[in-house]
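**Student:** Okay, handing you the structure first.
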Amino acid sequence: MADDGWEFRHNASQTGELDNKMINVGIFGANGRMGRVLIEALQHNDQAQLTAALVRSGSDWLGMDVGELAGIGRQGLTVSDRPDEQADSVEVMIDFTLPEALESNLNWCIAHGKPVVVGTTGLNAAQKALLQQAATKIPVVFAANYSVGVNLLLNLLRQTARVMGESCDIEIWEAHHRHKVDAPSGTAVAMGEAIADALGRDLDQCAVYGRQGHTGARPQQQIGFATIRAGDVVGEHTALFADIGERLELTHKATSRLTFANGAVRAAIWLKDKPEGLYDMQQVLGLQS
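Just add 13 to wherever you are in the sequence shown, counting from 1, and you've got the numbering used here.
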């Protein structure tokens with residue numbers, strides 16, 4: 014979703030002074046789609062402030078003011094590709110880059126003892142294992158979606174699956190903008206995992222990702238996925254529980270990426286003083302222990 018490398022910028026207020034009462038946050042891939050929205054979210058947050066904006070070495074965005082990068086006006090903090098020089102000014106990092114950058118970003122956080130909030134999607138099994146390994150040394154929050162509404166939806170899906178899931182056909186569909194590179198979305202997979210877990214099923218065994226041709230009758234144990242990529246859709250997710258004579262649809266629609274950025278900043282604030290371990294947004298919101 015964002016740049017595949019680093020950019021770092023030392024953050025200061027308009028007067029050049031940092032507010033020591035606020036949490037100092039750095040962003041990996043600050044020039045990416047989510048990176049820019051995170052800059053905006055931090056500008057409006059009264060508990061956290063941006064102190065580092067990182068991009069890959071040699072990026073065209075080096076030296077740019079972060080506010081101009083995000084389209085919110087100059088903020089007095091510039092982009093840099095020298096993270097080691099600015100490590101002391103950061104308390105928590107946020108990473109919404111690409112899967113290929115995850116290992117180097119985690120290694121930097123481990124080396125400098127920085128908690129990290131990871132929102133990168135499309136991770137494979139080996140990359141998810143990297144999160145588990147990193148969490149033995151530093152606190153890590155990882156979530157497929159940082160929206161408060163989506164995380165409430167996951168709870169509702171578990172409850173619905175326990176009540177209706179054994180008799181219903183279950184389908185999940187999602188829509189995103191044309192630039193999204195992974196499918197199905199991490200949120201759609203998280204929805205499937207929540208449902209499968211509530212029903213005691215293995216999603217890897219019961220998931221069907223699209224159908225074509227003569228497929229035969231639908232097995233009741235299946236959890237189907239459908240994907241739409243079009244225009245500038247921010248994100249829409251629906252889970253369908255269909256029985257004979259009735260159906261229930263649970264839907265979440267995001268209209269602004271700020272909802273994800275605000276959630277990630279909330280996670281960063283929550284994570285600051287936590288011990289090493291792997292956490293998720295459900296814990297950040299107090300929806301589970």
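A virtual CB, placed ideally from N, CA and C, is assigned to each residue, including glycine.
Based on DSSP bridge pairs, tell me the residues matched to Trp186.
**Tutor:** Ala239, Thr251
**Student:** What residue range is occupied by the uninterrupted beta strand (DSSP E) comprising Lys271?
**Tutor:** According to the sequence as given, residue 271 is Leu; it is not Lys. Where Leu271 is concerned, there is no enclosing beta strand (DSSP E), although the alpha helix (DSSP H) it sits in stretches over 271-284.
**Student:** Name the two residues that bound the continuous beta strand (DSSP E) containing Glu329.
**Tutor:** An answer regarding residue 329 cannot be provided, because it is not within the stretch 14 to 302 covered by the chain.
**Student:** Spatial neighbours of Val221 within its chain, please: C-beta separation below 8 Å, excluding the five flanking residues on both sides.
**Tutor:** Gln235, Ile236, Gly237, Phe238
**Student:** For Val105, which of helix, strand or coil comes out of DSSP?
**Tutor:** The three-state reading of DSSP puts Val105 in strand, counting E and B together.
**Student:** Could you name the residues of the same chain whose beta carbon sits closer than 7 Å to that of Glu289, not counting the 5 residues immediately before and after it, in chain order?
**Tutor:** Ala148, Thr149, Lys150, Ile151, Pro152
**Student:** Determine the extent of the alpha helix (DSSP H) in which Ala207 is found, giving its start and end residues.
**Tutor:** 199-212
**Student:** So, does the CB of Gln233 fall closer than 8 Å to a CB anywhere in chain B?
**Tutor:** Among the protein chains of the structure shown there is no chain B, as only one such chain exists.
**Student:** Take Asn58 and list the residues in its own chain whose beta-carbon comes closer than 7 Å to its own, dropping the five residues that flank it on each side.
**Tutor:** Val278
**Student:** Which one or two residues does DSSP pair with Ser93 in a beta bridge?
**Tutor:** Leu67
**Student:** Look up Leu298 in the DSSP assignment and say whether it is helix, strand or coil.
**Tutor:** coil
**Student:** Does DSSP put Gly80 in a helix, in a strand, or in coil?
**Tutor:** Three-state result, Gly80: helix.
**Student:** Asp217 by DSSP, collapsed to three states: which one?
**Tutor:** Under the three-state reduction of DSSP, Asp217 is assigned to helix.
**Student:** Could you tell me the distance, in whole angstroms, from the CA atom of Pro109 to the CA atom of Val131?
**Tutor:** Correcting the residue identity first, residue 109 is Phe in this sequence and not Pro. Rounded to the nearest angstrom, the two C-alpha atoms are 6 Å apart.
**Student:** Under 8 Å between the Cβ atoms of Ala281 and Ile36?
**Tutor:** yes
**Student:** Which same chain residues, not among the five before or five after Tyr292, have their C-beta less than 6 Å away from its C-beta?
**Tutor:** Here the set comprises Val154.
**Student:** Among all the DSSP beta bridges, which residues are the ones paired with Tyr292?
**Tutor:** Val154
**Student:** Just the C-alpha distance for Asp16 and Arg260, rounded to the nearest angstrom, thanks.
**Tutor:** Bear in mind that a pLDDT of 43 at Asp16, under 50, signals an unreliable position, so the number given afterwards is only what the model happens to contain. Asp16 and Arg260: Cα-Cα distance of roughly 41 Å.
**Student:** Just how far apart, CA to CA, sit Ile208 and Arg171?
**Tutor:** 5 Å
**Student:** So the candidates are Thr264, Gly229, Val161, Arg231; which of them puts its Cα closest to the Cα of Gly299?
**Tutor:** Val161
**Student:** Report back the beta-carbon spacing between Asn137 and Ala203 to the nearest angstrom; my notes put them in contact at under 8 Å.
**Tutor:** Contact doesn't hold; Cβ gap of about 15 Å is too wide.
**Student:** Cβ atoms of His250 and Ala201: under 8 Å apart, would you say?
**Tutor:** yes
**Student:** For Ala142, does the three-state DSSP call read helix, strand or coil?
**Tutor:** helix
**Student:** How would you write the range of the alpha helix (DSSP H) that Gly48 sits in, first residue to last?
**Tutor:** 46-56
**Student:** Quick one: what's Tyr222 bridged to in DSSP?
**Tutor:** Phe238
**Student:** Hey, how far is the Cα of Asn118 from the Cα of Lys127?
**Tutor:** Between the C-alpha atoms of Asn118 and Lys127 there is a straight-line separation of about 11 Å.
**Student:** Where does Ala61 fall in DSSP's three states?
**Tutor:** DSSP places Ala61 in strand when its eight states are reduced to three.
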